[in-house]
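Structure first, commentary second.
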Amino acid sequence: MIRFIALVTFLFLTALVATTAAAQERIKRDPTVPVSGMGTHPGSTAPPQRKSADTTLRHRDGTEDSITIYYRYLDSNKLHLPDTTLNDIDLYFPLPFTSYHLGNLGNAANSYLFSPIMKPGFDAGFHAYDAYRYTIEKTKFYETTRPFTEMDYTIGSKGQQIIEITHTQNRTSNLNFGFNYRFINSFGNFRNQNSSHNNIRFNLAYQSPNKRYHFYGIFINNKLKSSENGGLVNASLLDSLKLSDPIEIPARLGNSGTTLSRNFFNTNVSTGTIYNESMLMIRNQYDFGQKDSLVKDTVVYRLFYPRFRLQHTLNYSSSTYSFEDVYAADSNYRKYFGYKGLAASDTVVFRDKWQQINNEFTLISFPEKNNPNQFIKLGAGLDLIYGTLDTGSSKINYSEVYLLGEYRNLTRNKKWDINLQGRLYTAGGYAGDYAASVELQRTLGSAFGYFSLGARNINRTPSFVFDPQSAFPLTGAAIGGKENISHIFSSVYLSALKLKLSGDYYLLANYAYFDSFYHAAQSSALFHVLKVGAEKRVRLLKNVNWYIEAFVQQTTANAPVNLPFFFTRNRVVWEGKAFKNLRWATGFEVRYHTAYKAAGYSPLTGQFIYQDHWTARNRPDVHYFLHFQITKFRGFIRLQNLNTFTLSGNKSGFKERNFRAEYYPDEALWLRVGIFWKFIN
């Protein structure tokens, strides 16, 4: 792996040097003219407007402190400006507010809202740690007039820490380099609960001086390590005053051979989940089109309008998913998980290892010269998938062929946006898998807002973790039928009311799921899920706002998923400004869900499981926060879980914990302090 990372780094540096040399010919461009550029791709929009004084990349002169910066995602049609929101620090937190972890940041995480896997083709099936991963789809390709760096550091109770670094710069006007690094280390409250995650990402975007050739490169490595304690043996011991520290409470896993001391730098996992993923994406594009020029103030601006594009994308990934217990106790596995497969050895290892090579070639046509946001895309791809199961004793491979197509039209007046997409697997073990979608969006003007409406249908082979060939323990009837998921969605935003409404309807057939620690099942009956959401800002006083986010979910009676009927987050925030550069936002945040049979969790398989015997009845989560900003420095202080305070008998204090899953208590009072510092060179 070290050699692989070194090779990828060398390739990126080589491309950086080569493209820098090739891009020495600086071409001035009028930003008000929509031309093909680094930000132009199928479905892209023109960059945010900026003054001509900002179009030339240069070092700061010591008297200016401004920057023009925006970004987009690889296959997105939207350009984004960096978020400057101060009242919602969760935007910069690994877990969104709609998700929860199993008692410690970095442990397995799940969503309160229904969100099934909507991806055809091969899927390994391990998604409990997706929130902590860097992905190709969420990689930001920046364009900036100055080198930009942001350094984030957060420290919390019990030695919890989060470090994140983002850097991007345009080496020339047509070459951008980006870098991200994140480290999460948290010991937690209870025995064998520590987590340690490392994420690193490099990305590069280059456009040739004649604007015909485009290169995009991404390299990602995710190392996710989380101890698994299987939950507490006896949660009632939390009420005992004899315990000086919750770490003394016995857990179902990891009792033997693990230290009870909290080490700020401890990253070892002796009983738990270890995922290691490396991804490399290389995309090359070459455009055929029409040259043009514009003379303005004696300056000649060179223009190019793409009409036809050749695109090749190469993806390589290597992933290892494992559960390891070097101090396994057969009695605990039998008693708490019903697992009787331990050999004479005192070490348990379940491991699936995958390598995947994807080659995709597409042809893209732009019917209108002046509208690069209208295009037709046709293509085909080949997936080569190699698996090493167990500890290397079994190997498997697949070859998959698929066809794809897309039509997009963002009208010139930017009012209508139509998108049609399809993908069909025609050969291989996943033949018959497909995804089809249609989406329509209409802008109603700044005074009214917008609305969107769409539908998707996915036919997919259940994830490989449901296959008996997987090294992870599995019992139950064979999972044979393909899952079919239909999804109808819509949203509307009303500017005058500052109100957003959304709706999602799912119809599912042959849904595969776990209903015990390692027993799989597949729903034979159709069932549906309806989700309705609303977001609203209410102005209470001049500088006091109430932000409401609420969701209602309903399933049919036979659905093998349990969801809270009602989930909401409310923030009452006093937002103000003092002196010249000081901004602040302070207030309370409350999250609440109705009682429901929350999903259980199997550490042996890394899966959240359907259960119908235990109900999560929690108090509303209450947090106090103070966020502030001074020029490019931001900080925050959060006191979380104020709801745990109680005066009941011997439990007086912050001891009334919520439970996110059976046997898994949440954190008590938790202090988190963080800083975000931006640098412009």
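FYI, the numbering for the sequence shown is 1237 to 1917, going by our numbering.
Where is the CB? At the ideal position from N, CA and C, for every residue including glycine.
Secondary structure of Lys1887 (DSSP, three-state): helix.
About 5 Å separates the Cβ atoms of Leu1730 and Gly1685, confirming a contact at the 8 Å cut-off.
If you look at Asp1566, you'll find it isn't in any beta strand (DSSP E); it sits in the alpha helix (DSSP H) that goes 1566-1573. Taken in chain order, the whole beta strand (DSSP E) runs of length 3 or more contained in the segment 1808-1845 are 1818-1829, 1836-1838, 1843-1845.
Taking one beta carbon from each stretch, the segment 1717-1724 and the segment 1738-1747 have 3 or more pairs nearer than 8 Å; the two touch. Closest in alpha carbon position to Leu1640, among Ala1672, Thr1627, Ser1884, is Ala1672.
Non-local C-beta neighbours of Pro1800 in its own chain, meaning closer than 6 Å and more than five positions away in sequence, comprise Tyr1348, His1829, Thr1830, Tyr1832, ordered along the chain. Within 10 angstroms of the beta-carbon of Val1765 lie 16 or more other beta-carbons, which makes it buried.
Residue environment: Ala1904 is assigned as buried (16 or more neighbouring CB atoms within 10 Å of its CB, all protein chains considered). DSSP, reduced to helix, strand and coil, places Lys1394 within a helical segment of the structure shown. Take the alpha-carbon of Ser1558 and the one of Thr1404: they are about 34 Å apart. In the DSSP assignment, Ile1724 falls within the beta strand (DSSP E) that extends over 1719-1730. Ranked by Cα distance from Asn1806, the first of Asn1323, Tyr1307, Ala1691 is Asn1323.
Only residues of its own chain outside the window of five on either side were considered, and among them Gly1424, Asn1425, Phe1426, Gln1429, Arg1896, Tyr1900, Pro1901, Asp1902, Glu1903 have a CB closer than 8 Å to the CB of Gly1339, listed in chain order. Non-local beta-carbon contacts of Ile1353 in its own chain, meaning distances under 6 Å to residues more than five positions away in sequence, are absent. Around the Cβ of Trp1906, a 10 Å sphere holds 16 or more other Cβ atoms; the residue is buried. Cβ neighbours of Asp1582 within its own chain (closer than 6 Å, five residues either side excluded): Ala1564.
When DSSP assignments are scanned along the segment 1498-1541, the uninterrupted stretches of beta strand (DSSP E) that are 3 or more residues long and fall wholly within it turn out to be 1507-1532.
Distance check between Asp1669 and each of Phe1872, Arg1696, Leu1862 places Arg1696 closest, using alpha-carbon atoms only.
Annotation for Ser1422: Asn1340, Leu1341, Gly1342, Gln1396, Ser1431 place their beta carbon closer than 6 Å to its own, counting only its chain and skipping 5 residues before and after. Residue nearest to Gly1357 within the set Arg1659, Asp1528, Ser1514, Thr1320 is Arg1659 (criterion: CA-CA distance). No Cβ-Cβ contact shorter than 8 Å links Leu1625 with Gly1615.
Distance from Asn1794 to Phe1763 at the Cβ level is roughly 6 Å; contact confirmed, criterion being Cβ atoms closer than 8 Å.
By the Cβ-count criterion, Leu1646 is buried, with 16 or more other Cβ atoms from all chains shown falling within 10 Å of its own Cβ. Per DSSP, reduced to three states, the secondary structure at Ile1483 is helical. Looking only at Tyr1661, Phe1881, Gln1865, the smallest Cα-Cα distance to Phe1815 is reached by Gln1865. For Asn1568, the closest of Pro1486, Asp1528, His1849 by C-alpha to C-alpha distance is Pro1486. A Cβ-Cβ separation of about 6 Å places Glu1898 in contact with Gly1836 under the 8 Å criterion. A straight-line Cα-Cα distance of about 13 Å links Phe1540 and Glu1604.
In this structure, Ala1441 places its C-beta atom within 8 Å of the C-beta atom of Phe1377. Listed in chain order, the beta strand (DSSP E) elements of length 3 or more contained wholly in the segment 1427-1490 are 1431-1443, 1449-1463. In chain order, Pro1330, Gly1342, Ile1420, His1433, Leu1460 place their CB closer than 7 Å to the CB of Tyr1368, counting only its own chain and leaving out the 5 sequence neighbours on each side. In the same chain as Ile1303, and ignoring 5 residues on each side of it, the C-beta atoms closer than 8 Å to its own belong to Thr1380, Thr1381, Arg1382, Phe1384, Ile1916, in chain order. It is roughly 51 Å from the alpha-carbon of Tyr1754 to the alpha-carbon of Phe1544. For Gly1739, the uninterrupted beta strand (DSSP E) run begins and ends at 1735-1745, by DSSP.
Going by beta carbons, Thr1390 and Gly1889 fall outside the 8 Å limit.
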